[in-house]
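**Q** In order, the protein sequences belong to chains A and B. Going by the numbering used here, the letters in the first sequence line up with residues 1 to 474, in that order. Going by the numbering used here, the letters in the second sequence line up with residues 475 to 948, in that order.
2 protein chains.
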Amino acid sequence: MLTYNFEKNSKTPLYEQLYSFIREDILAGQLPPHSKLPSKRALAQHLTLSVATVQNAYAQLIAEGYLYTKEKQGHFVSSLETNAPREKGRENSFGEKGEELLPKKEEYFFDLKSNSLSEENFPFSAWAKIMREVISEQGKGLLQPLQYNGVPELRCAISQYLLHFRGMLASPEQIIIGAGSEYLYNLMIQLLGKEVSYGFENPGYEKLHRIFRMNRVAHFPLGMDADGLSCRELRCSPVQAVHISPAHHYPTGIVMPISRRQELLRWAAEQKGRYIIEDDYDSEFRFSGRPIPTLFSIDEQQRVIYLNTFSKSIAPSIRISYMVLPWELLQRFRQEMSFYSCTVPSFEQYTLAKFIRGGGFERHINRMKKTYRQKRDALIEALQASAFAERVCIHEEKAGLHFLLSISTELADAEIARRAAAVGVRLSFLSEYLYGESNSSYQHQLVVNYSGIDLSRLPEAMRRLEEVFLAEKG
Amino acid sequence: MLTYNFEKNSKTPLYEQLYSFIREDILAGQLPPHSKLPSKRALAQHLTLSVATVQNAYAQLIAEGYLYTKEKQGHFVSSLETNAPREKGRENSFGEKGEELLPKKEEYFFDLKSNSLSEENFPFSAWAKIMREVISEQGKGLLQPLQYNGVPELRCAISQYLLHFRGMLASPEQIIIGAGSEYLYNLMIQLLGKEVSYGFENPGYEKLHRIFRMNRVAHFPLGMDADGLSCRELRCSPVQAVHISPAHHYPTGIVMPISRRQELLRWAAEQKGRYIIEDDYDSEFRFSGRPIPTLFSIDEQQRVIYLNTFSKSIAPSIRISYMVLPWELLQRFRQEMSFYSCTVPSFEQYTLAKFIRGGGFERHINRMKKTYRQKRDALIEALQASAFAERVCIHEEKAGLHFLLSISTELADAEIARRAAAVGVRLSFLSEYLYGESNSSYQHQLVVNYSGIDLSRLPEAMRRLEEVFLAEKG
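(1) For Y183 (chain A), which three-state DSSP category applies?
(2) Should M514 (chain A) be labelled buried (16 or more other beta-carbon atoms within 10 Å of its own) or exposed?
(3) Between D773 (chain B) and the rest of its own chain, which residues show a CB-CB distance below 6 Å, the 5 nearest in sequence each way excluded?
(4) Skipping 5 residues on each side, what residues in its chain have a beta carbon closer than 8 Å to that of G235 (chain A)?
(5) Roughly how many angstroms lie between the CA atoms of Q504 (chain B) and R357 (chain A), to the nearest whole one?
(6) Cβ of G654 (chain B) less than 8 Å from any chain A Cβ?
(7) Do three or more CB pairs link the stretch 671 to 690 of chain B to the stretch 709 to 720 of chain B at distances below 8 Å?
(8) With a threshold of 8 Å between beta-carbons, can Q190 (chain A) be considered close to chain B, or not?
(9) Can you list, in chain order, the residues of its chain whose CB lies under 6 Å from that of L775 (chain B), leaving out five sequence neighbours each side?
(10) Work out the CA separation of N215 (chain A) and R687 (chain B) for me, nearest whole Å.
(11) Leaving aside the five residues before and after V778 (chain B) along the sequence, list all residues of the same chain whose C-beta is less than 6 Å from its C-beta, in chain order.
(12) Tell me whether Q262 (chain A) is buried or exposed, calling it buried when 16 or more other Cβ atoms sit within 10 Å of its Cβ.
(13) With a 10 Å radius around its C-beta and 16 neighbouring C-beta atoms as the bar for buried, classify A502 (chain B) as buried or exposed.
(14) Quick one: is M811 (chain B) near chain A, going by C-beta distance under 8 Å?
(15) Would the beta-carbon of P597 (chain B) fall within 8 Å of that of H869 (chain B)?
(16) DSSP puts G494 (chain A) in a beta bridge; with which residues?
(17) Mind checking M462 (chain A): buried by the 16 CB within 10 Å criterion, or exposed?
(18) Whose C-beta lies closer than 7 Å to the C-beta of R515 (chain B) among residues of the same chain, with five residues either side of it excluded?
(19) Taking a contact to mean a Cβ-Cβ separation below 8 Å, would you say R176 (chain A) touches F339 (chain A) in this structure?
(20) Is it the case that the Cβ atoms of L61 (chain A) and I22 (chain A) are separated by a distance below 8 Å?
(21) Residue range of the beta strand (DSSP E) that V608 (chain B) falls in?
(22) Under DSSP, the beta strand (DSSP E) around S880 (chain B) begins and ends at which residues?
(23) Strictly below 9 Å CB to CB, what residues from chain A border G539 (chain B)?
(24) Answer yes or no: does any C-beta atom of chain B fall closer than 8 Å to that of K104 (chain A)?
(25) Please confirm whether N215 (chain A) has its beta-carbon closer than 8 Å to some beta-carbon of chain B.
(26) Checking contacts by CB at 8 Å: is F784 (chain B) closer than that to chain A?
(27) Quick check on the burial criterion: 16 or more other C-beta atoms within 10 angstroms. Buried or exposed for E934 (chain B)?
(28) So for E460 (chain A), helix, strand or coil by DSSP?
(29) Cβ of G139 (chain A) less than 8 Å from any chain B Cβ?
(30) Where does K828 (chain B) fall in DSSP's three states?
(31) List the DSSP bridge partners of N5 (chain A).
(32) Relative to the C-alpha of Y322 (chain A), which candidate in A:P246, A:N121 and A:S181 has its C-alpha closest?
(33) At the level of alpha carbons, what is the spacing between S704 (chain B) and T726 (chain B)?
(34) Y814 (chain B) versus chain A: which residues are under 7 Å apart at the beta carbon?
(35) Quick check: the stretch 383 to 402 of chain A against the stretch 161 to 169 of chain A, are there 3 or more CB pairs under 8 Å?
(36) Report yes or no: do three or more beta-carbon pairs, one from the stretch 885 to 898 of chain B and one from the stretch 662 to 670 of chain B, lie closer than 8 Å?
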């Protein structure tokens, strides 16, 4: 029977590994067209995997046309030319089979670019227990139509959370739940208007300008200085609504000081129709210093839309984000946009509400803060003890899941990244996050994402990085 | 303790009834500010309700500022002037407290306007069983990031469903899952472009022109004739992308014949950049006649986007819809829009995939078809046996959850609706669904939605309708 070597500690899920193995065998002709695959149960037993893992791999292979099923007979290898949905001479219009693949995650030994969370740290059993409770408690109630702004329980839980842990007064009425921040950005653009000019931080969150572009609205990158978004650049631009992440800017790591926050609020207050979109996505993971109040809290003019997400603090597959609207915009939203149904199923909303109310969310955040702090401390210690310690300098390490590392080097950023990749270490540089022309002040600044690193590999990773930097010297 | 009379058979959920009772007591001063409410458990026991019901009512009251909680002390009535989130002098900017209320569902004895599904017919226990299985089977896998287009299992299940029950060949690769049709319309507008002129059926689906308006795209209502959307009007318009629901148009009930379908496809093929958005939302509930192939299936030019939803066939709170893109548009979608994360949680997707694959969906549809057919038949029979039988005529009753009833009358539609409402019967007229100026050919046509009616009330409802029509005569 099919036999493969799985990498148990890999970040690639087992089903994806299995999927890749079988796919390669099909493409290489090891598994000829119309040959029958083992049953899911048999293969699972043989490879000591769960049946669900095999099922997921098979499903992915079916989705991409590598396998087909015959009712009650099992799974068979497709003849890649005659696979049904491609029959109609459409292969050429779409090109390679491979394009349907999951986003290619190349296998690095040590990845300092990916800012994925460590799933293994999420208290899934507690979460699953709440899911089961919600099924029993709500029963058929789960089928009832939703309010446009979300389930009251969840909006209340978020309101109380914001009050206790963010010192922010937001009525549950002002909160609007949506399926992810990207969705809410789209709603915001509809709410503020297509004729409005939007501004965004540069360097910054890459998806944002794509969303502006897809909405065909005018959008302008605005530079940063040591305090965050440059008010000078903002004032020289035609921007009316500006997106910022003052709690912890990605990728520079800057925490916007109160003076700059006030300056931005003054800018907004000066003219009718100016708004600030405050993206607080990372604020849970502050390690030291007093938290700075949100712009939303200190705004007296109803010009700030506050936005946050649980995709970052729980898991990316939890598509729950929310925005808090000032009252005037809320009224406009209700009049013009409350016809949109809420996009998050009530089941997820009740589950999250219980998780927050029962203290599970707070405990999880505290646990993650501890884990991330340990990772950060170990990484910084290793960098400072490394052979290249005197050539690097660490910045903006007090919050959120990354810091900056400036390097003194002759090499171009891309060349360093290439050399590190060659020894299995994935790096990323600030310059990659720039929109438009490059800016030399962003050269040689590593963006170090440590949330997903495996500490047991740290010594070896440092050894490999030393190799990269010593080779440069020599 | 608080004692109220609940209407057990009401369509208003118990928690909403309880919420209204308590709210009225607060507004009337029966429950004075800062008085303590009974504990959820005690009130539930006292009123023989579930704790979840009381909890939902309390949560709604908190959300709207009528109640507040003190930690470990319970629920208290707010002093409506000093309630925390309103303190900052913002009450006036928002007006009445009451505005946060759930969409007001007036209490009718018999409702022929609401097209809500009968929740009680959904096999919730089978669904809940699958939910529990998915939690166990997928475990932490539920936390993994989603592919932009949805979980492969669900796309495969939909692909097979479309093949078997709709005779439509759509590869799982072409399917894109999203949180509701409204969300997918927004994606489509981004995909096809803001510079495109959109057309929609008039009368038709009311939300559609709101979505076009919120997206600030040019949009044109197009008239209908006996075969559906008028190709003559379409050809006289600048429309490039037209939305239609050929399987069963709401509210006219017209099923578009094959000749008109082909005519529309010819229109699309004539010029580059023309597209048809085929909304098949109601196609599961066809009662007689051979199903007509979808435009997507007979389109040779890759000009049709197919759209369908499970909100209609399962429950409105299931926010799962999907679109099937022709290959060329799919390629554009992948290049420009696959950065958008999928908006439906993987949990719901796995659950629905299992429900479809295990045959539960098909059984549910068959059961519902039977139920709806019974309702339709009983209603038609009662109408034909009524005292006003000779003044009415039934049309377009072969598909979907509504039919048309033309009435010979001197009264204006609004007046008939008002008189019926006065005796507890809710009616709606075709003329209400018109966009823009009224059209006399749509007068005196009742849109009879029967999916949610209570057959035990039918004889009394007919008696009351007779009263309305006899009064007119007299």
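Even for Gly, the Cβ is constructed at its ideal location relative to N, Cα and C.
**A** Inspection of the coordinates gives the following:
(1) Locating residue 183 (chain A) in the first sequence gives position 183, counting from the first residue. It is helical.
(2) Shown here, chain A extends from 1 to 474; a query on residue 514 (chain A) therefore has no answer.
(3) Looking up residue 773 (chain B) in the second sequence gives position 299. Only L739 meet the Cβ criterion.
(4) For this step, residue 235 (chain A) is matched to residue 235 along the first sequence. In the sequence as displayed, the identity of residue 235 (chain A) is Arg instead of Gly. Only W267 meet the Cβ criterion.
(5) As a first step, residue 504 (chain B) is located in the second sequence; it is residue number 30 there, counting from the start. As a first step, residue 357 (chain A) is located in the first sequence; it is residue number 357 there, counting from the start. So the alpha carbons of these two residues sit roughly 30 Å apart.
(6) Position 180 of the second sequence, counting from 1, holds the residue named residue 654 (chain B). Answer yes: the Cβ-Cβ gap between G654 (chain B) and chain A drops below 8 Å somewhere.
(7) yes
(8) Mapped onto the first sequence, residue 190 (chain A) falls at position 190. Chain B contact via Cβ: present.
(9) Looking up residue 775 (chain B) in the second sequence gives position 301. It should be pointed out that residue 775 (chain B) corresponds to Gln in this sequence rather than to Leu. Cβ neighbours of Q775 (chain B) beyond the five flanking positions: A743.
(10) Mapped onto the second sequence, residue 687 (chain B) falls at position 213. Mapped onto the first sequence, residue 215 (chain A) falls at position 215. Going by the C-alpha atoms only, they are around 13 Å apart.
(11) Taking the second sequence and counting its residues from 1, one reaches residue 778 (chain B) at position 304. Excluding sequence neighbours, V778 (chain B) sits near I750, E752, L769 and F770.
(12) Working through the first sequence from its first residue, we reach residue 262 (chain A) at position 262. Exposed.
(13) One-based indexing of the second sequence puts residue 502 (chain B) at position 28. Flag for A502 (chain B) reads exposed.
(14) As a working note, residue 811 (chain B) is residue 337 in the second sequence. It does; some Cβ of chain A falls within 8 Å.
(15) Numbered from 1 along the second sequence, position 123 holds the residue referred to as residue 597 (chain B). Numbered from 1 along the second sequence, position 395 holds the residue referred to as residue 869 (chain B). No. Outside cutoff.
(16) Here chain A has residues from 1 to 474 only, and residue 494 (chain A) is not among them.
(17) The residue you call residue 462 (chain A) lines up with position 462 of the first sequence. Counting Cβ neighbours within 10 Å, M462 (chain A) comes out buried, since at least 16 surround it.
(18) One-based indexing of the second sequence puts residue 515 (chain B) at position 41. Contacts found: V525.
(19) Counting from one through the first sequence, the residue named residue 176 (chain A) turns up at place 176. Counting from one through the first sequence, the residue named residue 339 (chain A) turns up at place 339. Here the sequence assigns Ile to residue 176 (chain A), which means Arg is not the residue at that position. Taking 8 Å as the Cβ cut-off, I176 (chain A) and F339 (chain A) do not qualify as a contacting pair.
(20) Residue mapping note: residue 61 (chain A) aligns to position 61 of the first sequence, counting from 1. Residue mapping note: residue 22 (chain A) aligns to position 22 of the first sequence, counting from 1. Contact flag set, yes.
(21) As a working note, residue 608 (chain B) is residue 134 in the second sequence. Per DSSP, V608 (chain B) belongs to no beta strand (DSSP E); it is in the alpha helix (DSSP H), F598 to Q612.
(22) What you label residue 880 (chain B) is simply residue 406 of the second sequence in a count that begins at 1. Note, S880 (chain B): beta strand (DSSP E), H876 to I881.
(23) Residue 539 (chain B) sits at position 65 when you count from the first residue of the second sequence. Going along chain A in sequence order, the residues near G539 (chain B) (Cβ under 9 Å) are S171, P172 and E173.
(24) By one-based count along the first sequence, residue 104 (chain A) stands at place 104. A caution first: K104 (chain A) carries a pLDDT of 41, below 50, which makes its placement in the model unreliable, though a value can still be read off. For K104 (chain A), the answer is no, since every Cβ of chain B falls outside 8 Å of its Cβ.
(25) Stepping through the first sequence from its first residue, residue 215 (chain A) is reached at position 215. Yes, contact with chain B.
(26) Counted from its first residue, the second sequence places residue 784 (chain B) at position 310. F784 (chain B) does not count as touching chain A.
(27) Looking up residue 934 (chain B) in the second sequence gives position 460. Under this definition E934 (chain B) is an exposed residue.
(28) For the purposes of this step, residue 460 (chain A) is taken as the residue at position 460 of the first sequence. Three-state DSSP puts E460 (chain A) in a helix.
(29) To locate residue 139 (chain A), count along the first sequence from 1; it is residue 139. Chain B contact via Cβ: present.
(30) Taking the first residue of the second sequence as position 1, residue 828 (chain B) is located at position 354. Residue state, collapsed to three classes: helix.
(31) One-based indexing of the first sequence puts residue 5 (chain A) at position 5. N5 (chain A) pairs with nothing; no bridge assigned.
(32) Counted from its first residue, the first sequence places residue 322 (chain A) at position 322. Y322 (chain A) has its Cα closest to that of A:S181, out of A:P246, A:N121 and A:S181.
(33) Mapped onto the second sequence, residue 704 (chain B) falls at position 230. Mapped onto the second sequence, residue 726 (chain B) falls at position 252. Distance between the alpha carbons of S704 (chain B) and T726 (chain B) is about 13 Å.
(34) Here residue 814 (chain B) is taken as the residue at index 340 of the second sequence, counted from 1. In chain order: E182.
(35) no
(36) no
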